[in-house]
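Residue numbers (our numbering), protein chains in the order written: chain A, 1 to 481; chain B, 482 to 558.
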């Protein structure tokens, strides 16, 4: 009897602990790290790699993703002979798992983009565009990762469209591609919620539209976004959806910790983690970045100056000619403050020279302006210092000064020497700096052409090959009679 | 398109960035300090980088050291 009781006790004890062990919840921690709007800034990749390696050492389930705009913003990458190559190379070496298309992914042209897609060791997804050409770009709309424990993490992506129905890139880069409204299109994929443990919107819409998306689709657990270069310091859930973005230029990343119990999300925690301040760095990537930054690409010769190009008249006229080289522009202005060197010496002109001359990255804005409005711009600029400020292409002008030294009247002259009519309308190209910082009349609000003044100048000189601006002068001043 | 800086509507060119809107705001109200030094925030209290693209109706906030002159000196054409 005693033996029976002791056997029964052993059996019951074993059965109890087995049942407890069988009912222990399955707890999983998933880490998602998102970098958005890196814009070809490669210097922090060694730190990012070290940061990700540390996270991967401490956590079993980690995904590293990009929320768009990998390209455009660093001549080392943008002017590389195979444009964008260094960026994808470093992203591959860092171990990105997924990327999406931002508006700047189209900047190098579709053929180069196809090469970058081919180069990437990670997929690039987007749900709201496709090429009309069967050989064109046809991204898959979503990606579901199945982790080693069976955890399913689904990502769907859409790209921002501007009021013209296109992403913010030059329209010439987007020919043959059909875009549909992202906020509407993404609704078609809400069914993925049922087949994923964690469902993520990886978007390039801008923070305000990400919040709208969260308020519309609570199926998402989180939305990791880009485009507006927003740095979220205090993460907040909107309609139960965590919305994050990490600034730009790979200074920070978003790190999301999702805890699941028995496949259900029980907590989400988001933080903005500094990459630039991370103490470690990957030694192999340090060497890779140094190699890319060695600037052989920037030393490319793009043309020859047949004589010194000296002073604001000559340099400013050259820069303005770079703007009117664009098909859309007939008249352009360049402000004196934007001319950052005193002389371009006779001889070879390199890409580096152009970025020394024009380092600001200002985009070209197209405004339709009549003669009166152009005069208001010239008057405002002249009266700041009572000196010629704006150099010009496509016109010449003369400022007649009053006894106070300010502009009393202005005349504009067409290339044939005739005076321009006040009511004639011109397609004027100005830097974004001039449009925002000068107080002048313009009915047309304008639109960006998504090309920088520096890039336009590089293109102009590359096509012309030889340039000579000796004695060029297009802006004059004299006392009014 | 129209965006808002400190709840004041501003017409800006399509594709404008945060710094473009802030510069325009400074130009319009003759703030007299460099707009390029401003920290820019969205309506959720998040910091916005100067080169962040704006959407129509975007709302930005900056510190504004002087009171706004209610009569707008800029005559829109």
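All C-beta atoms, glycine included, are put in the ideal place defined by N, C-alpha and C.
1) State the start and end residues of the unbroken alpha helix (DSSP H) segment that holds residue 355(A).
2) Measuring alpha carbon to alpha carbon, tell me which of 373(A), 180(A), 391(A) and 151(A) ends up nearest residue 261(A).
3) Determine, using beta carbons only, whether residue 162(A) comes closer than 8 Å to chain B.
4) Give the DSSP bridge partners of residue 391(A), in chain order.
5) If the cut-off is 8 Å on Cβ atoms, which residues from the segment 228 to 241 of chain A count as contacting chain B, listed in chain order?
6) Quick check: the Cα distance between residue 29(A) and residue 302(A), rounded to an integer number of angstroms?
7) Looking at the C-beta of residue 423(A), does it have a partner C-beta in chain B at a distance below 8 Å?
8) With 8 Å as the threshold, decide whether the Cβ of residue 520(B) is near any Cβ in chain A.
9) Does DSSP put residue 454(A) in a helix, in a strand, or in coil?
10) Determine, using beta-carbon pairs with one atom in the segment 456 to 467 of chain A and one in the segment 523 to 541 of chain B, whether at least three such pairs fall under 8 Å.
11) Interface residues of chain B around residue 304(A) at Cβ under 7 Å?
12) Note down, in chain order, all residues in the segment 433 to 452 of chain A with a beta-carbon under 8 Å from any beta-carbon belonging to chain B.
13) Let's see if you can read the secondary structure: which residues bound the alpha helix (DSSP H) around residue 129(A)?
14) Report the partner residues of residue 309(A) according to the DSSP bridge assignment.
15) Considering residue 86(A), what are the terminal residues of the alpha helix (DSSP H) in which it resides?
16) Cβ closer than 7 Å: which chain B residues qualify as neighbours of residue 365(A)?
17) Alpha carbon to alpha carbon, how far is residue 174(A) from residue 165(A)? Give it in angstroms, no decimals.
18) How about the segment 332 to 348 of chain A and the segment 424 to 433 of chain A: do they share at least three Cβ pairs that are nearer than 8 Å?
19) Alpha carbon to alpha carbon, what distance is there between residue 386(A) and residue 204(A)?
20) Given that residue 488(B) touches chain A, what residues does it touch there, using C-beta distances under 8 Å?
21) Checking contacts by CB at 8 Å: is residue 472(A) closer than that to chain B?
22) Is the CB-CB distance between residue 42(A) and residue 92(A) below 8 Å?
23) Cβ atoms of residue 161(A) and residue 179(A): under 8 Å apart, would you say?
24) Determine the direct distance from the alpha carbon of residue 234(A) to that of residue 34(A), and round the result to whole angstroms.
25) Note down, in chain order, each residue of its chain lying with its Cβ closer than 6 Å to the Cβ of residue 104(A), except the 5 sequence neighbours on either side.
26) Could you tell me which residues DSSP puts in a beta bridge with residue 27(A)?
27) Do you know offhand how far residue 225(A)'s Cα is from residue 326(A)'s?
28) Rounded to whole angstroms, what is the Cα-Cα separation between residue 77(A) and residue 423(A)?
29) Is it buried or exposed for residue 369(A), if we count other Cβ within 10 angstroms and need 16 for buried?
Looking at the coordinates:
1) 351 to 357
2) 151(A)
3) yes
4) 334(A)
5) 228, 229, 230, 231, 232, 233, 234 and 236
6) Residue 302(A) has its alpha-carbon roughly 53 Å from the corresponding atom of residue 29(A).
7) no
8) no
9) The answer is helix: DSSP assigns residue 454(A) an H, G or I state.
10) no
11) Near residue 304(A) there are no residues of chain B at all, since even the closest Cβ is about 33 Å away, more than 7 Å.
12) 433, 435, 436, 437, 438, 439, 441, 442, 443, 445, 446, 447, 448 and 450
13) From DSSP, residue 129(A) is part of no alpha helix (DSSP H) but of the beta strand (DSSP E) over 129 to 131.
14) 344(A)
15) Run containing residue 86(A): 85 to 94, per the alpha helix (DSSP H) assignment.
16) Chain B residues near residue 365(A): 494.
17) 11 Å
18) The segment 424 to 433 of chain A and the segment 332 to 348 of chain A touch, with three or more beta-carbon pairs separated by less than 8 Å.
19) 45 Å
20) Around residue 488(B), no beta-carbon contact reaches into chain A at under 8 Å, the shortest distance being about 15 Å.
21) no
22) Not in contact: residue 42(A) and residue 92(A) (Cβ atoms no closer than 8 Å).
23) yes
24) 16 Å
25) 69, 71 and 72
26) 261(A)
27) 33 Å
28) 44 Å
29) Counting Cβ neighbours within 10 Å, residue 369(A) comes out buried, since at least 16 surround it.
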